[in-house]
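A.B. asks:
Chains as they are written, first to last, in our numbering: chain A, 5 to 367; chain B, 1263 to 1381.
(1) Below 7 Å on C-beta distance, what does residue 295 of chain A contact in chain B?
(2) Distance check for residue 107 of chain A and residue 4 of chain A, CA to CA, integer angstroms please.
(3) For residue 140 of chain A, name the three-state secondary structure that DSSP assigns.
(4) Counting C-beta neighbours from all protein chains within 10 Å, is the total for residue 154 of chain A 16 or more, i.e. buried, or is it exposed?
(5) For the alpha helix (DSSP H) holding residue 13 of chain A, just list the boundary residues, first then last.
(6) Any chance the region 1329-1347 of chain B sits against the region 1272-1289 of chain B, with 3 or more Cβ pairs inside 8 Å?
(7) Using a Cβ cut-off of 7 Å (strictly closer), state whether residue 1293 of chain B contacts chain A.
(8) Residue 11 of chain A and residue 270 of chain A look like a contact to me (Cβ under 8 Å); what is the Cβ gap, rounded to whole Å?
(9) Check whether the region 232-245 of chain A and the region 167-184 of chain A are in contact - that is, three or more C-beta pairs closer than 8 Å.
(10) From this set, A/122, A/219 and A/139, which residue's C-alpha is nearest residue 156 of chain A's C-alpha?
(11) Applying a beta-carbon distance threshold of less than 7 Å, which residues of chain A neighbour residue 1319 of chain B?
(12) Identify whether residue 248 of chain A lies in helix, strand or coil by the three-state DSSP scheme.
(13) Looking only at C-alpha atoms, which of A/62, A/134, A/187 and A/217 sits nearest to residue 48 of chain A?
(14) Can you give me, in chain order, the residues of the region 298-324 of chain A that have a beta carbon less than 8 Å from any beta carbon in chain B?
(15) Pick out whichever of A/278, A/44 and A/200 has its Cα sitting closest to the Cα of residue 52 of chain A.
(16) Please list, in chain order, all residues of the same chain as residue 1310 of chain B whose beta carbon is under 6 Å from its beta carbon, the five residues on each side excluded.
(17) Consult DSSP for residue 338 of chain A and reduce its assignment to one of helix, strand or coil.
(18) Hey, quick one: how far does the alpha helix (DSSP H) through residue 126 of chain A stretch, first residue to last?
(19) Between the region 1348-1364 of chain B and the region 1275-1286 of chain B, can you find at least three pairs of beta-carbon atoms closer than 8 Å?
(20) Hey, out of B/1367, B/1315, B/1263 and B/1297, whose CA is closest to residue 1341 of chain B's CA?
(21) Identify the continuous beta strand (DSSP E) that holds residue 105 of chain A and give its terminal residues.
(22) At what residue ranges does the region 172-235 of chain A contain a whole run of the alpha helix (DSSP H), taking only runs of 4 or more?
(23) In the DSSP output, what is residue 27 of chain A paired with across the bridge?
(24) Taking the C-alpha atoms as reference points, what is the distance between residue 20 of chain A and residue 273 of chain A?
(25) Can you tell me which of the three DSSP states residue 79 of chain A falls into?
(26) Of the residues that make up the region 220-254 of chain A, which ones have a beta carbon closer than 7 Å to any beta carbon in chain B?
(27) Quick one: which unbroken beta strand (DSSP E) runs of 3-plus residues sit fully inside the region 234-301 of chain A? Chain order, please.
(28) Taking the straight line between their C-alpha atoms, what separation do you get for residue 291 of chain A and residue 1315 of chain B?
(29) Residues in its own chain within less than 7 Å of residue 1 of chain A by CB, not counting five upstream and five downstream?
(30) Mind listing the chain B neighbours of residue 347 of chain A? Cutoff is C-beta to C-beta under 7 Å, in chain order.
(31) Would you verify that the beta carbon of residue 367 of chain A is, or is not, closer than 7 Å to some beta carbon of chain B?
(32) Bridge partners of residue 305 of chain A, per DSSP?
(33) Identify, in the order they occur along the chain, each residue of the same chain with its Cβ nearer than 8 Å to the Cβ of residue 299 of chain A, setting aside the five sequence neighbours on each side.
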């Protein structure tokens, strides 16, 4: 199992360590619900060293990234970020990732830890022309600071004017003397930042943020709360809601597929799916009191299995059971009902608007 | 009070055994969000699954530490499953059963022996 530079820190903090995507990571420090609520109301910090960071550079980098992913990277400004699926020719998703546009010849890609090697091989095999792909994951530290107090906290540590960094934009600057990529992104549904830096500074930055964060009531947050936070915000988890068999249209992510940019991998098939519909589509649903929906539970309609739950939890913010799952198109409308089978019994579920949780105000 | 290897506790009063999960188990599970209780009147053999406890992250079976018939279930857990975290050996009790074989009580662990299994 791989360990992050903060492994001993998590253990000293009382983190309960588990295996996640080949990494030894803290699932919780105190209580998942407490940590979840803390990020929604104050702020929390996450060790995300396990995430993969690739650099794609060279005169032909733009041409290649435009072909690889479904978002329109040419339409971004420098220092803007896109969340995007990366598809195979049949439209299935290799991974969902962030593309950081430094210039029109230089991009940083942030990929899921569990897909790091698969993604690297996939991209490497697709590349054409004068372009270079480098895997910098082992050298790159990543700490996320998320929650309403995140900006005020980090502003104490940097001269960069954080207020002027908009959501899904980034800048380069020093945080407590360390060169960082300061990115206004996150996986929680709250405002916040993700800091990338040379991995050797990981423990230093963690400690500085912990120390300065005291007055902002910062707490370390484990993967358990990270999962409930992202699910309330309907942020996809690869391996659950997306995998090697799902397409962005099936996942109801057509907004990430920019047909206007011209041809790209799977553009024809995805266009066909968008225009004609797919058999199954990902919806969000709520369930009444009772067991929480969970990954893999079957979905029934009129006694027949028609789909599957991909993610589910008791929502700490909404205090009800919420989930995502693939269902036939006939059940996608808000208010549609179906049953979820839990340990041999079925419980009613209703399709609702997503995201389940949306923070007030927009950055 | 006696304990099972599966982390249940049993308090025996006459023929009635009150059953719950241990402090250790409640702490390991984390925030408990749902307890699936058996029906009153249902019968269970020792070591058979008679309920389920869900925390945010996990789903765990609860095993009958003794054989018997369910006479009472803790309905308060429906509205407030977190009682199992807050007071696992008190307000967070799960069921009461009419035991069918008092000898099974002797098979259970005392506190010291149970604690040794948790290390």
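Heads up, the beta-carbon is just placed ideally off N, CA and C, and yes, glycines get one too. Fair warning: this is a prediction, and the values are worked out from it, not measured in the lab.
C.D. replies: To lay it out plainly:
(1) Taking the first residue of the first chain as position 1, residue 295 of chain A is located at position 291. Here the neighbours are 1296, 1298 and 1316.
(2) Nothing about residue 4 of chain A can be reported from this structure: the residues present for chain A run from 5 to 367 only.
(3) Working through the first chain from its first residue, we reach residue 140 of chain A at position 136. It is coil, neither helix nor strand.
(4) To locate residue 154 of chain A, count along the first chain from 1; it is residue 150. Buried, since its Cβ has 16 or more Cβ neighbours within 10 Å.
(5) As a first step, residue 13 of chain A is located in the first chain; it is residue number 9 there, counting from the start. Residue 13 of chain A -> alpha helix (DSSP H) spans 11-16.
(6) With a cut-off of 8 Å, the region 1272-1289 of chain B and the region 1329-1347 of chain B count as touching, because enough Cβ pairs lie within range.
(7) Numbered from its first residue, the second chain carries residue 1293 of chain B at position 31. So yes, residue 1293 of chain B belongs to the interface.
(8) Position 7 of the first chain, counted from the first residue, corresponds to residue 11 of chain A. Position 266 of the first chain, counted from the first residue, corresponds to residue 270 of chain A. Not confirmed; about 39 Å, so no contact.
(9) Counting C-beta pairs with one atom in each stretch, the region 232-245 of chain A and the region 167-184 of chain A have fewer than three that are closer than 8 Å, which means they do not touch.
(10) Translated into positions along the first chain, residue 156 of chain A becomes position 152. Each of A/122, A/219 and A/139 was checked against the Cα of residue 156 of chain A, and the nearest Cα belongs to A/219.
(11) As a working note, residue 1319 of chain B is residue 57 in the second chain. Contact note: residue 1319 of chain B reaches chain A through 31, 36 and 228, using a C-beta cutoff of 7 Å and chain order.
(12) On the first chain, position 244 is the one that residue 248 of chain A refers to. For residue 248 of chain A, the secondary structure class from DSSP, reduced to helix, strand or coil, is coil.
(13) For the purposes of this step, residue 48 of chain A is identified with residue 44 of the first chain, where counting begins at 1. Checked all of A/62, A/134, A/187 and A/217; the closest Cα to residue 48 of chain A is A/217.
(14) Listed in sequence order: 298, 317, 318 and 320.
(15) Reading the first chain from its first residue, position 48 is the one you call residue 52 of chain A. Nearest in C-alpha terms to residue 52 of chain A, of all of A/278, A/44 and A/200, is A/200.
(16) Stepping through the second chain from its first residue, residue 1310 of chain B is reached at position 48. Answer for residue 1310 of chain B: 1326, listed in chain order.
(17) Along the first chain, read from residue 1 onward, the residue named residue 338 of chain A stands at position 334. Of the three classes helix, strand and coil, the one that applies to residue 338 of chain A here is coil, per DSSP.
(18) Translated into the one-based positions of the first chain, residue 126 of chain A becomes position 122. Per DSSP, residue 126 of chain A belongs to the alpha helix (DSSP H) from 120-130.
(19) Three or more beta-carbon pairs drawn from the region 1275-1286 of chain B and the region 1348-1364 of chain B are found closer than 8 Å, and the two stretches are therefore classed as touching.
(20) In the second chain, counting from the first residue as 1, residue 1341 of chain B sits at position 79. Measuring C-alpha to C-alpha distances from residue 1341 of chain B to each of B/1367, B/1315, B/1263 and B/1297 identifies B/1297 as the nearest.
(21) Counted from its first residue, the first chain places residue 105 of chain A at position 101. Start and end: 97-107.
(22) Runs found: 206-216.
(23) Position 23 of the first chain, counted from the start, is the residue given in the question as residue 27 of chain A. Residue 27 of chain A is bridged to A/6 and A/24.
(24) Taking the first residue of the first chain as position 1, residue 20 of chain A is located at position 16. Taking the first residue of the first chain as position 1, residue 273 of chain A is located at position 269. When rounded, the distance between both Cα atoms is 44 Å.
(25) The residue given as residue 79 of chain A occupies position 75 in the first chain. Coil.
(26) Close to chain B, meaning a Cβ-Cβ distance shorter than 7 Å, are the following residues of the region 220-254 of chain A: 228 and 232.
(27) Entirely contained in the region 234-301 of chain A, the beta strand (DSSP E) runs reaching 3 residues are, in chain order, 284-291.
(28) Along the first chain, one-based indexing puts residue 291 of chain A at 287. Along the second chain, one-based indexing puts residue 1315 of chain B at 53. Between the alpha carbons of residue 291 of chain A and residue 1315 of chain B lies a gap of roughly 18 Å.
(29) Any answer about residue 1 of chain A is impossible in this case: the structure gives chain A only from 5 up to 367.
(30) Counting from 1 along the first chain, the entry for residue 347 of chain A is found at position 343. Result: 1314.
(31) For the purposes of this step, residue 367 of chain A is identified with residue 363 of the first chain, where counting begins at 1. For residue 367 of chain A, the pLDDT reaches just 43, beneath the cut-off of 50, and the residue's location in the model is therefore unreliable, leaving the point undetermined.
(32) Here residue 305 of chain A is taken as the residue at index 301 of the first chain, counted from 1. The partner list for residue 305 of chain A (beta bridge, DSSP) reads A/308.
(33) For this step, residue 299 of chain A is matched to residue 295 along the first chain. Counting only residues of its own chain and dropping the five nearest sequence neighbours on each side, residue 299 of chain A has a CB closer than 8 Å to the CB of 244, 313, 314, 315 and 316.
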